[in-house]
Structures are given as C-alpha cells and as structure tokens.
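Quick notes on the structure that follows.
Number of protein chains: 2
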Amino acid sequence: MPRLPPARPGMALAEVDTPALLLDLDVFEANMRRLQESLAGRKIMLRPHAKSHKCPQIALRQIAAGAVGVCCQKVSEAEAMVEGGVPDVLIANEVVGMTKLRRLAALAKQAKITVCADDAGNVKDIDAAAREFGVVIDVLVEVNVGANRCGVEPGEPALNIAKAIAACKNLRYAGLQAYQGAAQHQRKVEERRAAITAAVDAVQKTLALTAKAGLPRGKVTGAGTGTYLFEAASSVYDELQVGSYIFMDADYAKNDWTESGIPRFEHSLFVYATVMSRTREDIAVVDAGLKASSIDSGMPRVADFPKAEFIKASDEHGVIKMNGSPGFALGDKVRLIPGHCDPTVNLYDHYVCVRGGKVEALWPITARGAVW
Amino acid sequence: MPRLPPARPGMALAEVDTPALLLDLDVFEANMRRLQESLAGRKIMLRPHAKSHKCPQIALRQIAAGAVGVCCQKVSEAEAMVEGGVPDVLIANEVVGMTKLRRLAALAKQAKITVCADDAGNVKDIDAAAREFGVVIDVLVEVNVGANRCGVEPGEPALNIAKAIAACKNLRYAGLQAYQGAAQHQRKVEERRAAITAAVDAVQKTLALTAKAGLPRGKVTGAGTGTYLFEAASSVYDELQVGSYIFMDADYAKNDWTESGIPRFEHSLFVYATVMSRTREDIAVVDAGLKASSIDSGMPRVADFPKAEFIKASDEHGVIKMNGSPGFALGDKVRLIPGHCDPTVNLYDHYVCVRGGKVEALWPITARGAVW
C-alpha cells in the first residue's frame, strides 16, 4: 500500500505536510548521549526497548552507541528488527501458541533470540518449536516484581519455571526478566525508588533459590526510563531495557526527576499539525486528532507556545485553546508533544527527521502495526 | 513494508494469529441491509463515511448497495479511495494549505471530489489550486450546527462563505455541510432528537439567506449513525453521512436506541486476542493492548463471555478480570468489541473477514494511517 510520504529530504520543515511525526535529530542524539553518560563507569548492559520506536534505523544507532541488542514485545516486531539488520533481540514478553512459536524459532536461525516464559506448558511448546527448527532458544523466567501483569511470583514459583526451562533439550535457561513497569510513571522519586528496592529483593530471593538448585545465574534484565539508575545501582540487574529516553513524552515529563540522578531527557518527538479552522474566538482546530496522537495517557501538549492548551481530540481534529497565544493563524503549523510516544509512533509509517529546520532523512517505522 | 498477514483465506477462525481485526461478514451484511431497510421509501441520498473503515472493498460494497459515494476526512484518505475505484468522494472537512489543495485538485481530475470550507481565504486557495489543475471543484460551506468544532455559524457568516465560493471561477457552490457530531453519542434519544431539531433550524435559517441571495440551494449533507433517521425525517437534509452502522462499537452500543426508530445494528468488528499469561487468580492477560484497540472511548468489551471484564490496557497487554468466567485458559482466543471502531481500524492493515467459522477474505485497509 504505497502512499506518498509527507516529506522529502532537503525540504524545509515548514513545507512538511501534516500530520507528520517529526524527530528532532539534535535532541534525539543528545538524549542518546545523556543516557550513555549517566551509565559511564558502570558495568551494565544496555538493551533499549524497540517497542518505543519500531524502527531498525534507530535500533542500529542504539547498538552503534553501545547497546548489546534491543528488546521487542512481539514476534512480528522482532521480525522487523532482524529484517532491518539487528542481530540480537530479546522478546521481553511471553509468546503463546505454536503459530507464533514457529515464527520465533525460525527467527532464531537468523539472529540471537531470547524469550520470556511464565508457564510450564508454554515452556514445553517453546522447546517443541525450537526442536522442530533445530535451534536452541534462550528463555528467561518472567518474575512479577510488582507490575502485576505477566510473570510468576518470585521465589518458588519462579524457580519451578526455571527448572522446567533447564530440563528442555532445545532451551537454555538464561536468567530473569524483572521489569517493574508499574513504577515507571509513579510521579515521586521516592515511590519509584521504593518500588525498585522491592523488585531487587524479589529478584535476590529468587536468585538464592536458583543458585541453591544448581541452575546457572544467567542475567537479570529489566528497568525503564523512569527508574533505570536504581536498577543499575542495585548490583543485581545486569541489563537495562530503557525505551522512552530517546523521545520523552508529555506523560513521562510529569515525573519528578530531581535527585533521581536520571538526566533530563528532552522532547525529541513531535506531531506536526496545521491549524485548519479558526472560526471560534480563542480556539484553533488542528488537523491532528486521535489518529495522529494517542491520548491514552492524556492529551498532547503544545510545544513552543506555552499558553496554548490542547483540550480535546476527536478522530481527525484537535481543539486548541489559545489563551491569547500567537502562532495559530489559519494554515500555521505547530508542534505537539504526544501524551504517550509508543502508541503514537505506531500510527505512522515514517519519522520525518529534522535538523536545523530542514528534513534530513525519512526513517521507515517498519514495525508499525507489528502487533502479533 | 511487507509483513505476513495474520490469516489466509480458507483458514479456520481458531487458526488466525492474534491480535487480528475480525470482520463478521454475516453481521456486517445484515447491518448494511438494516440501514437500507430503515430508509426504504425515503428520498434521501446515502454517502457513508469511509473514515470508519478506510477500505475501498467496503466503500464499493456500500456503493453497490445504493450509496452515491463516500465521505472522507483527509486528502490522503480520498486518494486511497479513488485509487481503490471509488468514483465520488466528499471530503467532509476543511483542507488547508496549497500542498494538500494541489493534491485535492489533482484528485479531482480522476474522480468527482467535493470539499468543505469555513474561511474565505481558504476558498481562494481552493480556487487557485483548481485553476492550476484546470478543474472545477464543488465546495460546501461547513456550518456549525452545534458540534462546536469546525464550521462557520449559521445565517450571515455561512452566507458570506457561500458567496465567496460562488464568486470563484473554478469552484461551484454545492450547499451545506451540517454534521452534528456532538449529538451522535448523547445517550438519550430525546437529547439526540433535540440536537438535530436545533441543527435543522440552523440549516433552514441559512438556506433562507442563501435563497434570498440568489444562490442555488445545493445539497444539505450530514448525520451519523446515532441520529440519521432524525435528519432523514427533517425534509431539509438531502444526504446522510453515517459511518459506524457497519461495525457498531462498544461506545455506540451504550446509546439508548428505543423509540429512535434506528435499527439495532450489531457488532461486526472484533479484535481477536490470545490469553498469554494466567499467573494470577481470576485474571487473564491477553496479547491485545493500546496498539490493538483504541481506548479513547473506553475499554473494549469481551464478547461471548458476559461475566468477563477488560479492565486495563497497556501498550501490548490487556488485563481481563474473568469474574469466574470460563474461556480463558492459556492460549485460548477471545473476541473483543472495540470501545471505538474508527481509531481501532486505523491500527490494522487488513480486515480478516470471517463467515461460518472460516476466513473468507482479507480486505486491505489501504487508508490506514492516511492522516494527511
């Protein structure tokens, strides 16, 4: 389904058609550097989460900057990454059903693939698929360290899954997936720190049991942009799965970062929109609504014009209360900061990469829509 | 960006990979028939809104069933429809900026294209683009009949835009766009009826002025699934822009339909999901989250198992409280009714069309992501 992209390299930003997903390359690169600097001197692996960007171009840049590989959430997302040249993917999630597991095993012939499990029957299925394709797949036990989503409880239940993995001929027990997702957007630093302290306790309790059972330690992997320095400082986590640091959305920006040690990542991702109707006093309607910016974590914020508020989104329209702000004449283009980057990125086929007011490149979002 | 679709024609439903967007063809066709029957004997044109389905296959079926054409909200959506063989598209929205207007004018060389305007400067731009491409474009005045989004006020302000259109050599004044979007999801029939009565008054007031000014009447177009029989009964509206009737989402289903005369459209659109984690008591985690079903109008509902509740969505996970319901063993597949169809459809590349428990066809959603 080809369609003209909203921009061409070399074009001035003001010429870019809207809505478009803009990536400010200077800010994006600065965010990459801030992360590296914040981890300087630490012996910890970095494995950024590709669910945030869904773009091999970005994954390869993260790897070039020192990452060991990327995380994905879905087999189809991993397929897009491997197709785009990424050699090492951890699916930080359960993969259930033989259809998906066969695709997973096929992919493990092309790249280093790791997957998570929280069920003994599923472990047997992964083994069967691996055997069918003649591969050995690394499997982590996902431990529920407080997010209360997937994962087995720490301690004995986690040990049982680890043993089940270790008993399979075509699987290798590779350690623990211990992501505390619920902590990432807690606003106060102390809440986030306490949640990670509890997660570290849960991991240590589990590691004690797996060691006692004679299982290899493997690695402990987890963490997100909201907490990663706490996991890094724990001496338990070996690998960090940060994702949002490259973009920073409006919701993450509401976190308190003071005294967290975590650098101030800046907004690099914007929805570019045009004022398309100005018939009401102090109201500008823009051409970006629900299909251009996900509102699950709140409305987008208006960049550049601090008085203006994005107050309502319908499918194809956004309503901005100008509060007397300039910059909203009919046809004017404005930058919006998405409330939540991940599902917003998933709406677009390209990043329009901008530097110094010009389009420098279009990066295809090849894992857009890769949900299965 | 080719990727294997989640299904093949002939496959059993249970084999379809998840998440996938299912279209139950029997229900879809019954909804099409219900609409036609509800309008039997009325002299009114039907122009369904393609923003709901974004699929030429569906548009062509609507036209074959009697529609005069379709509506779109975006030029890129209209491009996808025309490319898919649709001969007549009304962009029921403003199109602002010469880049988009040139695409609009180019499209008007290939199909019958109508567009809306609510600004005199924009009218001049449309005329300039039409002249550049040697076409005459039909333009409607969008009148604010209570939705308070785009559109000029009824009466004098609308008349002024109509005159501006009529004064342009490459434009034809074609009537009034009068869609009361805010009324569609008002829960009580009487609220919806009152809103349309007010909209009809606003339209009549405007028509009196345009007639007095010697302008042709043109057509009056508008209405949605929540109210269309009220517009149809008004003897003022000439054309109906219903969209959601083919699918019916969970939010629309909350409307009271009793005594509205509007038939009970049934749910034909589902997100198919797999239970991927079952480590917690009475909780099933499915593989469909925010990127598989838009939650802007509320969580999806669980089909087939009335006791089960979808209580939380994160990017790639949905959390279902089973409330003791069967049907949620690990690996089981369940159908979810999206909270809001339009932005959910926009997440997928294909409808997996199902009849009698088998995949009958895959219909490409060629206007998926067509936001500009």
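These protein sequence lines map, in sequence, to chains H and D. Everything in the first sequence is counted per numbering that gives the first Met the number 0, starting at 0 for the first residue and increasing by one. Everything in the second sequence is counted per numbering that gives the first Met the number 0, starting at 0 for the first residue and increasing by one. Even for Gly, the Cβ is constructed at its ideal location relative to N, Cα and C.
To the nearest angstrom, how far is the alpha carbon of residue i from that of residue j?
i                : j                : result
Leu38 (chain D)  : Asn121 (chain D) : 36 Å
Glu131 (chain D) : Cys70 (chain D)  : 24 Å
Gly330 (chain H) : Thr17 (chain H)  : 11 Å
Val219 (chain D) : Ala166 (chain D) : 20 Å
Asp25 (chain D)  : Arg33 (chain D)  : 12 Å
Ala212 (chain D) : Ile164 (chain D) : 13 Å
Tyr251 (chain H) : Ala249 (chain D) : 30 Å
Tyr227 (chain H) : Tyr178 (chain H) : 10 Å
Met298 (chain D) : Thr205 (chain D) : 40 Å
Arg41 (chain H)  : Ala64 (chain H)  : 15 Å
Arg334 (chain H) : Leu21 (chain H)  : 8 Å
Ala104 (chain D) : Leu208 (chain D) : 29 Å
Glu155 (chain D) : Cys149 (chain D) : 16 Å
Arg367 (chain D) : Ala193 (chain H) : 43 Å
Arg216 (chain D) : Ala66 (chain D)  : 21 Å
Gly180 (chain H) : Leu3 (chain H)   : 37 Å
Leu170 (chain D) : Ala287 (chain D) : 47 Å
Asp303 (chain H) : Arg60 (chain H)  : 28 Å
Ser324 (chain H) : Gly326 (chain D) : 54 Å
Glu14 (chain H)  : Ala6 (chain H)   : 8 Å
Asp87 (chain H)  : Ala11 (chain H)  : 36 Å
Pro1 (chain H)   : His349 (chain H) : Low confidence applies to Pro1 (chain H): its pLDDT is 44, below 50, so where it sits in the model is not reliable enough to give any reading.
Met321 (chain H) : Ile282 (chain H) : 6 Å
Lys332 (chain D) : Phe246 (chain D) : 21 Å
Asn30 (chain H)  : Glu265 (chain H) : 7 Å
His48 (chain H)  : Ile62 (chain H)  : 12 Å
Val301 (chain D) : Phe229 (chain D) : 31 Å
Gln35 (chain D)  : Ser243 (chain D) : 14 Å
Met97 (chain D)  : Thr196 (chain D) : 37 Å
Given a cut-off of 9 Å on the beta-carbon distance, is the pair residue i and residue j in contact?
i                : j                : result
Val235 (chain H) : Val202 (chain H) : yes
Val285 (chain H) : Ile319 (chain H) : yes
Val344 (chain D) : Leu268 (chain D) : yes
Arg365 (chain H) : Ala79 (chain H)  : Correcting the residue type first, residue 365 (chain H) is Thr in the shown sequence and not Arg. Yes, these two residues count as a Cβ contact at 9 Å.
Ser75 (chain H)  : Val370 (chain H) : yes
Arg263 (chain D) : Gly225 (chain D) : no
Val144 (chain D) : Ala198 (chain D) : yes
Val134 (chain D) : Ala107 (chain D) : yes
Ala312 (chain D) : Asp341 (chain H) : no
Glu238 (chain H) : Arg46 (chain H)  : yes
For residue i, which of the options has the nearest alpha-carbon?
i                : options                                   : result
Ala232 (chain D) : D:Gly260, D:Glu141 and D:Pro305           : D:Gly260
Glu258 (chain H) : H:Leu208, H:Glu189, H:His48 and H:Ala91   : H:Glu189
Leu346 (chain D) : D:Ile245, D:Ala13, D:Leu106 and D:Glu315  : D:Glu315
Asn159 (chain H) : H:Lys168, H:Tyr172 and H:Arg148           : H:Tyr172
Lys253 (chain D) : D:Ile245, D:Gln185 and D:Val270           : D:Gln185
Gln109 (chain D) : D:Ile125, D:Asp126 and D:Ile136           : D:Ile136
Ser452 (chain D) : D:Asp303, D:Gly326, D:Gly338 and D:His266 : In the structure as shown, chain D starts at 0 and stops at 371, and residue 452 (chain D) therefore has no counterpart that could be examined.
Phe27 (chain D)  : D:Gln176, D:Arg354 and D:Lys332           : D:Arg354
Val94 (chain H)  : H:Pro47, H:Ala129, H:Ala328 and H:Ile195  : H:Ala129
Gln176 (chain H) : H:Leu214, H:Lys162, H:Ala222 and H:Ala66  : H:Ala222
Ile112 (chain D) : D:Met31, D:Ile282 and D:Gln72             : D:Gln72
Gln183 (chain D) : D:Pro342, D:Val241 and D:Gly133           : D:Val241
Ala157 (chain D) : D:Leu89, D:Ala146, D:Gly174 and D:Asn147  : D:Gly174
Met44 (chain H)  : H:Ala29, H:Gly68 and H:Asn30              : H:Gly68
Lys168 (chain D) : D:Pro153, D:Ile125, D:Asn147 and D:Ala146 : D:Ile125
Ala146 (chain D) : H:Thr278, H:Leu214 and H:Lys99            : H:Thr278
Is residue i near the ligand NAD, with its Cβ less than 8 Å from a heavy atom?
i                : result
Thr257 (chain H) : Ligands in the displayed structure: none, and consequently the ligand NAD is not present.
Query raised in the report: Using a Cβ cut-off of 8 Å, which residues of the stretch 146-158 of chain D contact any Cβ in chain H, in chain order?
Result: Hits within the stretch, in order: Asn147, Arg148, Cys149, Gly150, Val151, Glu152 and Pro156.
I'd like to know if the stretch 74-84 of chain D and the stretch 51-65 of chain D are in contact, where contact means that at least 3 CB-CB pairs between them fall below 8 Å. Taking 8 Å as the limit for Cβ pairs, the verdict is that the stretch 51-65 of chain D does touch the stretch 74-84 of chain D.
So if I threshold CB-CB distances at 9 Å, which residues from the stretch 264-291 of chain D count as touching chain H? Only Thr273, Val274, Met275, Ser276, Arg277, Thr278, Arg279, Ile282, Val284, Asp286, Ala287, Gly288, Leu289, Lys290 and Ala291 from the stretch 264-291 of chain D bring a Cβ to less than 9 Å from some Cβ of chain H.
Can you give me, in chain order, the residues of the stretch 12-28 of chain D that have a beta carbon less than 8 Å from any beta carbon in chain H?
-> So the close ones are Glu14, Asp16, Thr17, Pro18 and Ala19.
Practice problem: Could you tell me whether the stretch 134-142 of chain H touches the stretch 105-123 of chain H, where touching means 3 or more Cβ pairs closer than 8 Å? | Solution: Counting Cβ pairs under 8 Å, three or more are found: they touch.
Next on the checklist: Under 8 Å, with one C-beta from each stretch per pair, do the stretch 301-309 of chain H and the stretch 352-364 of chain D reach the 3-pair mark?
Outcome noted: When C-beta atoms of the stretch 301-309 of chain H are compared with those of the stretch 352-364 of chain D, fewer than three pairs fall below 8 Å, so the two segments do not count as touching.
Against chain D, which members of the stretch 208-238 of chain H pass a CB distance test of less than 8 Å? So nothing in the stretch comes that close.
(request) With 9 Å as the limit, tell me which residues of the stretch 302-327 of chain H have their beta carbon closer than that to any beta carbon of chain D; keep them in chain order. (result) Those residues of the stretch 302-327 of chain H placed with their C-beta closer than 9 Å to a C-beta in chain D are Lys311, Ala312, Ser313, Asp314, Glu315, His316 and Val318, ordered along the chain.
Quiz prompt | Contact residues within the stretch 333-362 of chain D, judged by C-beta distance below 9 Å to chain H | solution = Under the 9 Å Cβ criterion, the stretch 333-362 of chain D contributes His339, Asp341, Pro342, Asn345, Leu346, Tyr347 and Asp348.
**Q.** Interface residues of the stretch 248-259 of chain D facing chain H [CB-CB below 8 Å]
**A.** Answer in chain order: no residues at all.
- prompt: Between the stretch 61-79 of chain D and chain H, which residues of the former have a C-beta closer than 8 Å to a C-beta of the latter?
  reply: Going along the stretch 61-79 of chain D in chain order, one finds Gln72, Lys73, Ser75, Glu78 and Ala79 with a Cβ nearer than 8 Å to chain H.
Practice problem: Below 9 Å between beta carbons is the criterion; list the residues of the stretch 121-139 of chain H that meet it against any residue of chain D, in chain order. | Solution: If the cut-off is 9 Å between Cβ atoms, the stretch 121-139 of chain H has Asn121 and Asp124 near chain D.
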